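Here's the structure, in structure tokens; my notes come after.
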């Protein structure tokens with residue numbers, strides 16, 4: 001077989017060898033030059049057809065988007081911009097794409113327009129590049145953990161427990177929606193539901209990952225998680241993928257070391273393996289930034305930003321230090337913050353995080369040791385009795401990309417916290433068991449995968465880095 | 001740092017070097033020998049403590065399941081069964097496990113008992129081995145596809161389309177369960193729901209993967225899928241993970257070649273990377289089989305079975321040939337089949353598949369070219385007008401492990417089929433678009449991940465190869 005992908009062809013020596021390639025026409029000009037793409041790479045292969053030898057009706061079928069099979073000879077390219085090209089000898093059109101109705105034409109389409117065509121947008125340069133980078137990042141994540149002695153675990157998606165409290169949940173049910181069975185007090189009788197209880201889509205696999213870390217040592221999840229929140233922003237999805245490593249015998253410092261090393265590894269991986277896609281995305285971002293006022297433009301190009309993260313240490317700052325910095329900051333003094341920082345204990349808003357990361361430190365920042373009151377019940381209480389061993393990693397332009405903590409491993413402290421918050425301990429019986437039997441220091445974090453892809457690709461809206469985004473009022477496809 | 005995992009320690013040269021290890025006590029005998037495990041491997045490291053030097057109260061805390069940290073000297077082992085051991089100098093107990101209440105004691109527990117303790121069962125040899133093999137298989141799957149030019153895509157979990165028709169679905173909603181909003185005809189008004197329409201959990205990512213294959217060429221999904229079916233069997237889960245590759249320009253033969261090559265690759269990967277776990281699981285299976293009558297026991301050991309699949313070609317048989325074989329088979333003639341095979345067109349039942357695989361061919365079988373009537377609407381119609389380019393891979397002891405097909409790429413044929421089946425074409429508008437614009441021959445398959453793990457580990461019940469199984473009446477943890 002002489003069949004090759006475009007990616008393979010572009011690295012072949014042109015020895016006038018016979019080759020066959022199958023793909024889609026990106027452009028067809030002068031009745032002679034087909035730029036062919038098959039998704040294997042951002043680059044096209046130029047196929048030169050002799051229109052005098054081609055049937056007129058066949059020629060008319062060659063238009064942007066048509067699926068074709070071309071056989072011919074691989075030769076050194078005469079034109080600029082490519083090293084090899086195919087002198088086509090045989091051309092088969094598998095599927096046409098009527099220029100009158102095919103929406104993806106060789107011109108600039110807005111990202112909003114393409115969002116409505118999520119089934120076709122992967123045929124564009126921008127989205128194919130984003131999705132290849134997404135795929136490479138996914139693999140780098142698995143490779144990193146597997147190389148470092150972690151085991152991949154699949155946390156459950158449907159959960160009967162809502163104790164984590166990370167956000168609003170979607171109900172999962174097979175009950176009759178119009179006339180659900182009800183109990184004596186007029187409430188829905190979930191005993192009749194598929195699982196015999198009320199069930200929801202998971203907001204996090206952390207608690208289950210903790211159970212597995214206490215047996216396998218180091219584990220990670222990489223699966224979909226859900227938030228039924230009415231957030232129509234460029235940073236929120238109702239369905240998104242999350243990576244959650246969990247490690248026995250890791251304290252918060254180990255946890256921060258791991259998170260930083262991990263992020264650098266996966267970004268280094270795409271710098272090494274996705275060069276042409278990243279170069280394209282860098283150019284796309286530059287073009288987009290040109291349309292913005294000078295002061296809103298970024299100082300660094302996409303590749304510069306990625307290299308900066310890979311090559312520099314993340315700054316580690318305690319919440320208490322951060323509050324001091326913010327209190328004394330110019331925007332706080334000049335009352336430019338929407339939420340002025342007045343005292344220790346304040347929850348940090350996006351504007352504060354951005355100030356710290358983008359103005360003050362100008363690099364990724366790990367904030368740690370937050371007030372217990374603004375963090376989750378399972379985080380380990382410090383000796384001061386008022387802060388917990390939490391950490392968030394903040395990225396320029398993205399905000400929080402990682403949230404993690406050392407977990408409270410002491411049964412009595414955890415039980416006290418649960419009682420204080422009025423959480424039903426019965427619901428968490430199995431989670432408490434982890435503290436009753438062989439408990440140990442342990443830690444973990446969650447990384448929102450789409451936010452990482454946003455950062456890695458320089459895209460501006462999270463809906464453009466997942467194949468089929470789910471947001472309020474939108475579950476098309 | 002002299003800190004090592006048990007897996008690392010067991011491959012070190014014993015040079016009387018200082019080492020520290022953290023893990024859980026598996027057994028403690030003669031007040032002297034701790035078998036310590038940290039999940040990194042099935043094997044334990046023996047730690048020898050000098051009980052005369054240890055505090056009595058500390059000694060009492062060392063029991064099965066306790067989390068301990070041991071520092072000492074790594075020396076050549078004096079005992080049998082291990083090459084190295086630790087002469088313990090310091091011992092810290094992080095968490096005790098009261099033998100009176102800790103359920104995982106060093107004795108045989110039934111799999112049914114452990115299913116009730118899904119949060120603790122990963123601390124046993126059997127489940128830790130299964131879950132390490134599961135993790136290795138997951139990684140092998142990603143590695144195979146990435147090496148072969150496929151891109152990983154995340155298909156949506158929440159879907160507004162139920163056209164695939166692969167099974168009963170779970171509804172996803174945020175509507176008030178007691179008093180949902182209703183429209184004039186008394187039906188639930190899903191316009192008020194989170195997504196503005198009725199949504200369900202996906203049964204397959206195939207249709208979306210097809211859209212991506214028509215842009216990226218070769219893609220695969222690996223994500224959770226759902227069936228709301230009341231099947232309480234050892235082979236069904238309500239929530240399970242599926243791998244679905246989809247390839248542009250692949251016909252059914254290419255598809256079968258890929259599936260076979262893929263399965264062999266991932267099984268070869270665990271044969272090479274999970275030796276000690278597989279040896280343990282082989283022994284476990286042998287012990288289990290000894291409790292069965294002779295004729296129900298398997299001829300081959302677990303490792304033999306895996307090697308057999310890796311080393312032999314799968315037999316490819318058309319449905320038509322298979323029907324002939326079954327019609328003339330002894331069990332059919334002797335009326336031993338619950339569903340006798342009388343004529344071409346019959347749907348094959350589990351008993352028929354098992355006969356073909358386990359009695360007739362005695363190896364994995366790929367059945368292809370099924371009657372159109374018993375297969376899904378999207379499968380490509382053959383020239384005979386009555387069969388479709390479907391293929392199922394059947395495994396001994398497991399049954400169907402892969403189901404795939406060449407997809408119908410011809411718009412008119414697909415439309416005819418959809419009309420015939422009364423499917424709403426509006427629902428599939430975007431799927432039809434794939435045939436309108438640049439359509440091409442393409443194929444794909446779905447592999448049920450848990451069935452692969454069942455086969456690879458020799459476990460008998462699918463609930464024992466996923467961390468937290470979801471089945472009717474069961475969504476605990």
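Protein chains in written order, with UniProt numbering: chain X, 1 to 477; chain R, 1 to 477. Note that beta-carbon positions come from the ideal geometry of N, C-alpha and C, so glycine has one too. The model shown is predicted, which means the values in this text are computed figures rather than measured ones.
Which residue wins for smallest C-alpha separation from residue 378 of chain R, given the options R:96, R:420, R:152, R:334? When the alpha-carbon of residue 378 of chain R is set against those of R:96, R:420, R:152, R:334, the nearest one is in R:420.
DSSP-derived helix/strand/coil call for residue 22 of chain R: Strand, per DSSP.
Compare the C-alpha of residue 247 of chain X against each of X:294, X:288, X:209 and name the closest. The shortest Cα separation from residue 247 of chain X among X:294, X:288, X:209 belongs to X:209.
Chain X residues whose Cβ lies nearer than 8 Å to that of residue 300 of chain R: The premise fails here: residue 300 of chain R is roughly 28 Å from chain X at the closest Cβ pair, so nothing lies under 8 Å.
Please report whether the beta-carbon of residue 320 of chain X lies at a distance below 8 Å from any beta-carbon of chain R. Closer than 8 Å: no.
Please list, in chain order, the chain R residues whose beta carbon lies closer than 8 Å to that of residue 408 of chain X. None at all; the shortest Cβ gap to chain R is about 13 Å.
Apart from the five residues just before and just after residue 217 of chain R, which ones in its own chain have a Cβ nearer than 6 Å to its Cβ? Residues of the same chain with a CB within less than 6 Å of the CB of residue 217 of chain R, apart from the 5 flanking positions on each side, are 248 in chain order.
Is there at least one Cβ from chain X nearer than 8 Å to residue 447 of chain R's Cβ? No, because no Cβ of chain X sits closer than 8 Å to the Cβ of residue 447 of chain R.
Does the count of Cβ pairs from the segment 286–305 of chain X and the segment 335–349 of chain X closer than 8 Å reach three? The answer is no - the segment 335–349 of chain X does not touch the segment 286–305 of chain X, with fewer than three Cβ pairs under 8 Å.
Using a Cβ-Cβ distance under 8 Å, would residue 83 of chain X count as near chain R? No - not a single Cβ of chain R is within 8 Å of the one on residue 83 of chain X.
My output table needs one value for residue 240 of chain X: the three-state DSSP class, helix, strand or coil. The answer is strand: DSSP assigns residue 240 of chain X an E or B state.
Neighbour flag for residue 217 of chain X against chain R, beta carbons, 8 Å: Chain R, which has a Cβ nearer than 8 Å to the Cβ of residue 217 of chain X, makes this yes.
Considering only the beta carbon of each residue, do residue 375 of chain X and residue 388 of chain X sit closer than 8 Å? Between residue 375 of chain X and residue 388 of chain X, the gap from beta carbon to beta carbon is short of 8 Å.
CB-CB under 7 Å to residue 459 of chain R, same chain, minus the five flanking residues each way: which ones, in chain order? For residue 459 of chain R, where only same-chain residues beyond five positions count, the Cβ hits under 7 Å are 130, 465.
Quick one: grab the DSSP three-state call for residue 204 of chain X. In the structure shown, residue 204 of chain X adopts coil according to DSSP, grouped into three states.
Would you kindly report the start and end of the unbroken beta strand (DSSP E) that includes residue 76 of chain R? 67–76 is the span of the beta strand (DSSP E), which, as asked, contains residue 76 of chain R.
Strictly below 7 Å CB to CB, what residues from chain X border residue 197 of chain R? Chain X residues near residue 197 of chain R: 475.
Tell whether a beta-carbon distance below 8 Å holds between residue 201 of chain R and residue 169 of chain R. With respect to residue 169 of chain R, residue 201 of chain R sits close: the two C-beta atoms are nearer than 8 Å.
Sorted by chain position, which residues of the same chain lie with C-beta nearer than 6 Å to residue 90 of chain R's C-beta, five sequence neighbours on each side aside? Only 71 meet the Cβ criterion.
Which residues of chain R have a Cβ atom closer than 9 Å to the Cβ of residue 201 of chain X, listed in chain order? Correct list: 157, 158, 172, 201.
Might you give, ordered along the chain, the residues of its own chain that have their beta carbon closer than 8 Å to the beta carbon of residue 68 of chain R, omitting 5 neighbours on each side? So the qualifying residues of the chain are 22, 23, 24, 25, 34, 36, 62, 91, 92, 93, 94.
How is residue 13 of chain X classed by DSSP in three states: helix, strand or coil? Coil at residue 13 of chain X, not helix or strand.
Touch test, the segment 96–107 of chain R against the segment 277–297 of chain X, Cβ-Cβ under 8 Å, three pairs minimum: The count of Cβ pairs closer than 8 Å, one atom from the segment 96–107 of chain R and one from the segment 277–297 of chain X, stays below three, leaving the stretches out of contact.
Residue 378 of chain R CB to nearest chain X CB: under 8 Å? Not an interface residue.
Tell me, please, whether the CB atom of residue 24 of chain R is closer than 8 Å to any CB atom in chain X? With 8 Å as the cut-off, residue 24 of chain R counts as an interface residue toward chain X.
Only counting the same chain, and skipping five residues up and downstream in sequence, which positions put a Cβ closer than 7 Å to that of residue 40 of chain R? Result list for residue 40 of chain R: 5, 6, 7, in chain order.
Given 8 Å, three or more beta-carbon pairs between the segment 432–440 of chain R and the segment 114–121 of chain R: Using a Cβ-Cβ distance cut-off of 8 Å, the segment 432–440 of chain R and the segment 114–121 of chain R are not in contact, since fewer than three pairs of beta carbons, one from each stretch, lie closer than that value.
Quick one: what's got a C-beta closer than 8 Å to residue 243 of chain X's C-beta in the same chain, skipping five residues either side? For residue 243 of chain X, where only same-chain residues beyond five positions count, the Cβ hits under 8 Å are 141, 220, 221, 222, 446, 447, 449.
Among the residues of its own chain, which have a CB less than 8 Å from the CB of residue 325 of chain X, if the five just before and after it don't count? Result list for residue 325 of chain X: 317, 356, 360, in chain order.
Could you tell me how far apart the beta carbons of residue 425 of chain R and residue 418 of chain R are, in whole angstroms, since I believe they sit closer than 8 Å? Contact flag correct, Cβ pair sits at about 6 Å.
Based on Cα-Cα distance, which residue from X:440, X:428, X:354 lies nearest to residue 408 of chain X? Looking at the Cα atoms, X:440 is the closest of the given residues.
Residue range of the beta strand (DSSP E) that includes residue 90 of chain R: Unbroken beta strand (DSSP E) run through residue 90 of chain R: 84–95.
Should residue 438 of chain X and residue 214 of chain X be called a contact, given that it needs their Cβ atoms to be closer than 8 Å? Between residue 438 of chain X and residue 214 of chain X, the C-beta gap is smaller than 8 Å, which places the two residues in contact.
Residue 469 of chain X, DSSP secondary structure in three states: If DSSP states are grouped into helix, strand and coil, residue 469 of chain X belongs with coil.
Could you tell me which residues DSSP puts in a beta bridge with residue 151 of chain R? Bridge partners of residue 151 of chain R: R:219.
Residue burial classification, residue 231 of chain X (beta-carbon count within 10 angstroms, cutoff 16): Under this definition residue 231 of chain X is an exposed residue.
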